[in-house]
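Chains W and B, in that order, give the protein sequences.
Take 1 as the starting number for the first sequence in the numbering used here and just add one per residue.
Take 1001 as the starting number for the second sequence in the numbering used here and just add one per residue.
All residues carry an ideal CB built from backbone N, CA and C; glycine is no exception.
Okay, structure first, notes after.
Number of protein chains: 2
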Amino acid sequence: MVVRRSDTKERIEQVALELFVEQGYEKTSLREIAERLEVTKAALYYHYRTKEDIVHGLIDDLVGSLDELLEWGRAQPRPAQAREEVLRRFATLVEGRFGPIMQFIQQNMPAMKELGVKHSLGEKLAALFQLVGADEHDPAMQLRTRLALVAILLSNAPMFGAPQVADVSTDLALQVALELVAPRESF
Amino acid sequence: MVVRRSDTKERIEQVALELFVEQGYEKTSLREIAERLEVTKAALYYHYRTKEDIVHGLIDDLVGSLDELLEWGRAQPRPAQAREEVLRRFATLVEGRFGPIMQFIQQNMPAMKELGVKHSLGEKLAALFQLVGADEHDPAMQLRTRLALVAILLSNAPMFGAPQVADVSTDLALQVALELVAPRESF
DNA sequence: GTCTATATTCCGATAGAC
DNA sequence: GTCTATCGGAATATAGAC
Chain W
1 MVVRRSDTKE RIEQVALELF VEQGYEKTSL REIAERLEVT KAALYYHYRT
51 KEDIVHGLID DLVGSLDELL EWGRAQPRPA QAREEVLRRF ATLVEGRFGP
101 IMQFIQQNMP AMKELGVKHS LGEKLAALFQ LVGADEHDPA MQLRTRLALV
151 AILLSNAPMF GAPQVADVST DLALQVALEL VAPRESF
Chain B
1001 MVVRRSDTKE RIEQVALELF VEQGYEKTSL REIAERLEVT KAALYYHYRT
1051 KEDIVHGLID DLVGSLDELL EWGRAQPRPA QAREEVLRRF ATLVEGRFGP
1101 IMQFIQQNMP AMKELGVKHS LGEKLAALFQ LVGADEHDPA MQLRTRLALV
1151 AILLSNAPMF GAPQVADVST DLALQVALEL VAPRESF
C-alpha cells in the first residue's frame, strides 16, 4: 500500500509535473506553480525544501516501479522467455501513470544530470536494458534492444515534435519492440 | 563556398556549443561563455543581439545542410532506391560536424521549442522522414522509419546516459537503420 | 500550513568611453 | 571590436506573523 501523502503535496507534484512538461524544468518557476495552485511560493517551501526536491519526489515513484519490474524479471526462471513480458510491463508503465514523467525526463536531460537523476535512473534503465538484452554480445543486437525500449518511449513522446506523422499506439510500439529483440536468422 | 565569418564569431559559436552540450542551454550564461573566451559579456553583444541569436547561428548551418540533402533526395529519379543513400548521407552529417549540434538539440527540447527551432528544424526532419519513409501508409512501417532515424541519432548521443553499454559505430547504426526500413515479408 | 515581506544572487541586456 | 559600469527584473529561498 502506498504511503498516504497530504493532498497539498500531491497537488504540488501534479501541477509541477504539468508545467515541467509544458515549459521545461528551468523555465518553470515556483511562482508559476504556486499561482496555478492558488497558493503562495512560501507555501511550497513548507512542503519541499527546494525546487529540486519536487523533482526527486516525482522520480522516486518511477524508480520504485522500475525496481519492482527488475525484481520480477530477475526472478523468472527462464530469462529469455521473460523478455516479452518485461517489455509488455514496461510499456504498461509508460502508457500509464508514468508517461508524463518519462516525457519530462527525456526532454530535460541537462536538468536531470544536474539533479543526479541521470545517475539513479540511468542505473535502473541500464539494468532493464541488460534484462531485456539478456546476454547478447552482438553489438547489433544490443543496438536493437536499445531501439526496442526507444520504440516504446516514442509512442509516448514525440521525437523533435515533428515526425509524429501518425499516432503510435502502445500496442503497435510493443509489437515493433518485440520484433526488434526477436531472434532472427537474417534479413 | 561557405561565407567567411569573423574569427570571433566562429569562436563564440564553438565555445557556446561546447557549454550548451556540457551544461544545457538554460544553465549556460553569457558570462560563462565570455569567460571561456577570455572576453567580456559586452563583446558578445557586439556580435550577437541576443543569446537566442547564438543558437540560431548554430542551427541555420544544420538546416541548410538538411535542405541540401532533401533537395538531392527529391531529385533522384527512383525514390525507393535513393532511401539507402539518403540514410547514409544523414549518418555522415550526424557523425560529422553536426554531431554536437544534434546532441544539443535533442537534449534541450524545451529551449528549442521556445526559440522556434522546433518548428523550422521539425519541418526539415519531417520532410526527411517522409523522404525515407516514402509513401508508406502502414503505421508499423512509419514507426520503423522513425526508429531508423533514431538509430542513427543514437550512435551519436547516449540515451539517458546509461544504456550506452557498447560503443555504437555509425556504420552499425546505419546497417540497423537500413534493416528497419527494408521491405519485409514477415518476421 | 499558509501568509506578507524581504534578502540575496544572478541573469540578459545596454550606454558610452576607448 | 572590446572594454567598464550599471540597470531592471526575475529567480530561489528565508524570516517571522497569524
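- Nearest CB-CB separation between Asn156(W) and chain B: not below the 8 Å threshold.
- Counting C-beta pairs closer than 8 Å gives three or more between the segment 62 to 81 of chain W and the segment 115 to 127 of chain W, which meets the contact rule.
- CA-to-CA, the gap between Leu128(W) and Leu70(W) works out to about 6 Å.
- Taking C-beta atoms as the reference points, Thr8(W) and His56(W) fail to come closer than 8 Å.
- In the same chain as Lys51(W), and ignoring 5 residues on each side of it, the C-beta atoms closer than 7 Å to its own belong to Leu30, in chain order.
- A straight line joining the alpha-carbon of Ile101(W) with that of Leu1087(B) spans about 32 Å.
- Residue range Val1117 to Gly1133 is occupied by the alpha helix (DSSP H) that includes Gly1133(B).
- Going by beta carbons, Ala1151(B) and Leu143(W) fall inside the 8 Å limit.
- Under the three-state reduction of DSSP output, Asp7(W) falls in the helix class.
- In terms of beta-carbon proximity, Pro100(W) stays away from the interface with chain B, with every pair separated by 8 Å or more.
- With 16 or more other Cβ atoms from the protein chains shown falling within 10 Å of its own Cβ, Ser155(W) counts as buried.
- Secondary structure note for Tyr1048(B): it is in no alpha helix (DSSP H), with a DSSP letter that is neither H nor E.
- Residue state for Glu1026(B) is assigned as coil, using DSSP reduced to three classes.
- Ala177(W) sits buried, since 16 or more C-beta atoms from the chains shown fall within 10 Å of its C-beta.
- About 4 Å separates the CB atoms of Ala1111(B) and Tyr1025(B); that is less than 8 Å, so the two are in contact.
- Separation of the CB atoms of Ala91(W) and Leu174(W) is rounded to 5 Å, and the pair is thereby assigned contact status at 8 Å.
- Nearest to Asp67(W) by alpha-carbon distance, out of Val21(W), Leu93(W), Ala140(W) and Asp135(W), is Leu93(W).
- A straight-line Cα-Cα distance of about 14 Å links Arg1074(B) and Arg1089(B).
- DSSP places Thr1092(B) inside the alpha helix (DSSP H), whose first and last residues are Pro1079 to Glu1095.
- Look at Phe98(W) here: in three-state DSSP terms it is coil, with no helix or strand label.
- Within chain B, the residues whose beta carbon sits less than 9 Å from that of Glu114(W) are Gln1023, Gly1024 and Lys1027, listed in sequence order.
- In this chain, the alpha helix (DSSP H) harbouring Pro139(W) covers Pro139 to Leu154.
- Per DSSP, Gln1175(B) is one residue of the alpha helix (DSSP H) stretching across Thr1170 to Val1181.
- For Val168(W), the closest Cβ of chain B is nearer than 8 Å.
- Around the beta carbon of Gly133(W), 16 or more other beta carbons lie within 10 angstroms, which makes this residue buried.
- For Ala157(W), there is no enclosing alpha helix (DSSP H), as DSSP marks it with neither H nor E.
- For the segment 77 to 95 of chain W, the set of positions with a beta-carbon nearer than 7 Å to some beta-carbon of chain B is empty.
- Taking the C-beta atoms as reference points, Arg1011(B) is found nearer than 8 Å to Leu1037(B).
- Here Arg36(W) carries a helix assignment [DSSP, helix/strand/coil].
- Burial state of Gln107(W) is buried, judged by a 10 Å Cβ sphere holding 16 or more other Cβ atoms.
- When the beta-carbon positions are compared, Glu1013(B) and Ile1054(B) come within less than 8 Å of each other.
- Of all alpha-carbon atoms in Ala148(W), His119(W), Ala16(W) and Met109(W), the one lying nearest the alpha-carbon of Glu1022(B) is that of Met109(W).
- In the structure shown, Gln1076(B) falls within a coil segment according to DSSP collapsed to helix, strand and coil.
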